[in-house]
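One structure below.
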Amino acid sequence: MLRKKCLLCTSSSEKHKSVPRYVTLILPCDFFQLYGYCYQDSNDIPDTLTAITELGSPLEMIQLLQTSWEDRFRICLSLVRLLHYLAHSPLGSVTLLDFRPRQFVIVDGELKVTDLDDASIEESSCTSNSDCFMEFPARNFTLPCSVEGRCQNMNEMRNLYNAYRFFFTYLLPHSAPPSLRPLLDKIVNATGELHWGIDETAAQLERVLNLYKSGEYLQNTTRISKSEYRRVPEAFIPDENYRCWPSYHHKGCLLSVFDVNEAIEICDSYSQCKAFVLTNQTTWTVRCAGRGPTWIFTQLSQPCDCCSLTTKPNRFFHTSSWVFLSDVRNVLLLVCFCQQGLAEGR
Numbered sequence: 015m016l017r018k019k020c021l022l023c024t025s026s027s028e029k030h031k032s033v034p035r036y037v038t039l040i041l042p043c044d045f046f047q048l049y050g051y052c053y054q055d056s057n058d059i060p061d062t063l064t065a066i067t068e069l070g071s072p073l074e075m076i077q078l079l080q081t082s083w084e085d086r087f088r089i090c091l092s093l094v095r096l097l098h099y100l101a102h103s104p105l106g107s108v109t110l111l112d113f114r115p116r117q118f119v120i121v122d123g124e125l126k127v128t129d130l131d132d133a134s135i136e137e138s139s140c141t142s143n144s145d146c147f148m149e150f151p152a153r154n155f156t157l158p159c160s161v162e163g164r165c166q167n168m169n170e171m172r173n174l175y176n177a178y179r180f181f182f183t184y185l186l187p188h189s190a191p192p193s194l195r196p197l198l199d200k201i202v203n204a205t206g207e208l209h210w211g212i213d214e215t216a217a218q219l220e221r222v223l224n225l226y227k228s229g230e231y232l233q234n235t236t237r238i239s240k241s242e243y244r245r246v247p248e249a250f251i252p253d254e255n256y257r258c259w260p261s262y263h264h265k266g267c268l269l270s271v272f273d274v275n276e277a278i279e280i281c282d283s284y285s286q287c288k289a290f291v292l293t294n295q296t297t298w299t300v301r302c303a304g305r306g307p308t309w310i311f312t313q314l315s316q317p318c319d320c321c322s323l324t325t326k327p328n329r330f331f332h333t334s335s336w337v338f339l340s341d342v343r344n345v346l347l348l349v350c351f352c353q354q355g356l357a358e359g360r
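Its first residue numbered 15, the sequence shown is counted upward by one per residue in the numbering used here.
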């Protein structure tokens, strides 16, 4: 995958020799950005290096647990892409010795590192496998000692296990689409046992992304609608929002779907849901963000019943027309689910 690069240069003067070598890395701009640094050599503040990085929101794990699975998956995917780069950086494999959440921020929905003070490029030396011992609170690992006298992939594996224990176990499986759960569980278990390296882990997470974006994760599911729905143009559903969790809107039930069939399946699963509004908003997984019209679908009490329309404005969504599903195929849309059908028009 080709990515834009940010080249960070350091001075070759003698007084700048203490600048950490990682400042000279060519960093992918969509991971974490170092805009520059100031080296101050004065009598009052000797040998001071100040880094200027991009601004992000502090990582709050409790808040992340309340977000949608799609957003939590994005956090894990951006972290794995970062670790994949660090494992293959121009300086060699880089490990983050301090992996606590406070070392990360969220920028435009993606996880980024802000503090590289505890980054290391030194692979541990060894004379036997017993020297390649990694200790964690929950369990320990012993890695092989190479013929060169270095612990094989220790930096990479330390990063990967920390990603598992701080992020994957909390963010990946919970409330994921049911058909993706087996693959996600496999990823979590494999990283927790260090059966995979970062290359395989990244490949499997990219596979999850492709399945989710393309809608292939829905192909093996059996869809039998409990109710019949009617598409209604030029309509509103006023003040009939109900809360669900997780939701993109704290005052309503706003979820993302691949198509109208998935929206029907979700509405059927909620006892409160009697109708849903298919909006023209899209999520981060969409490659081409089409701006299609908004639709309203409401359950039919009788197969041939026709719901009346209302002209009352809705505070969340407005609809002016509707189109067939084929006009916006392969687009992940946001859907607002409602606890009542359409109100009587006036």
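Virtual Cβ for every residue (Gly too), placed ideally from N, Cα, C.
Could you check where the alpha helix (DSSP H) with residue i kicks off and where it finishes?
i      : result
Cys281 : Val274 to Ser283
Thr205 : Arg195 to Gly206
Arg221 : Ile212 to Ser228
Tyr175 : Met168 to Ala177
Quick check on the burial criterion: 16 or more other C-beta atoms within 10 angstroms. Buried or exposed for residue i?
i      : result
Phe290 : buried
Ser270 : buried
His98  : buried
Lys31  : In this prediction, Lys31 scores a pLDDT of 41, lower than 50, which makes its location untrustworthy; the coordinate-derived value is nonetheless stated afterwards. Lys31 is exposed by the Cβ-count criterion.
Ser241 : exposed
Ser261 : buried
Leu157 : buried
Asn143 : exposed
Arg172 : buried
Thr296 : buried
Ile76  : exposed
Thr64  : exposed
Thr62  : exposed
Leu111 : exposed
Glu207 : exposed
Glu162 : exposed
If you drop the 5 nearest sequence neighbours on each side, which residues of the same chain put their C-beta closer than 8 Å to that of residue i?
i      : result
Ala152 : Arg179
Arg164 : Glu137, Ser138, Ser139 and Cys140
Arg257 : His264, Lys265, Gly266 and Cys267
Thr205 : Leu174, Tyr175, Ala177, Tyr178, Phe182 and Thr215
Ser71  : Val119, Ile120 and Val121
Only counting the same chain, and skipping five residues up and downstream in sequence, which positions put a Cβ closer than 6 Å to that of residue i?
i      : result
Ser160 : Gln166
Gly106 : Ile135
Tyr231 : Pro191, Ser193, Leu194 and Leu225
Asn255 : Gly266
Asn176 : Phe113
Gly229 : Phe272
Ala101 : Ser107, Glu170 and Ile212
Compute the distance between the beta-carbons of residue i and residue j, then report whether it is under 8 Å.
i      : j      : result
Val222 : Leu185 : no
Leu219 : Leu91  : yes
Phe182 : Val202 : yes
Glu170 : Gly211 : yes
Thr299 : Lys227 : yes
Ala216 : Val121 : no
Leu78  : Arg86  : yes
Thr67  : Tyr49  : yes
Val108 : Leu73  : no
Tyr243 : Ile280 : no
Can you list, in chain order, the residues of its chain with a C-beta nearer than 7 Å to that of residue i? Leave out the 5 residues immediately preceding and following it.
i      : result
Glu214 : none
Asp131 : none
Pro187 : Arg195, Leu198, Asp199 and Val202
Gly123 : Asp85, Arg88 and Trp298
Gln80  : Pro260
Cys146 : Ser138, Cys140, Thr156, Leu157, Pro158, Cys159, Cys165 and Met168
Ser189 : Trp83 and Pro260
Glu276 : Leu232
In the DSSP assignment, the beta strand (DSSP E) including residue i goes from what residue to what residue?
i      : result
Val291 : Ala289 to Thr296
Asn154 : Asn154 to Thr156
Tyr243 : Tyr243 to Val246
Val271 : Cys267 to Val271
Tell me whether residue i, by its Cβ, gets closer than 7 Å to a heavy atom of the ligand ADP.
i      : result
Lys200 : This structure simply doesn't include the ligand ADP, nor any ligand for that matter.
Between residue i and chain D, is there a C-beta pair that is closer than 8 Å?
i     : result
Leu63 : The chain inventory of the structure shown lacks chain D, comprising one protein chain alone.
Beta strand (DSSP E) segments (min. 3 residues) lying fully within the region 119-146: If we require 3 residues or more, the beta strand (DSSP E) runs fully inside the region 119-146 come out as 124-127.
What residue ranges within the region 50-92 form continuous alpha helix (DSSP H) runs of no fewer than 4 residues, ordered along the chain? List check, alpha helix (DSSP H) in window: 75-79.
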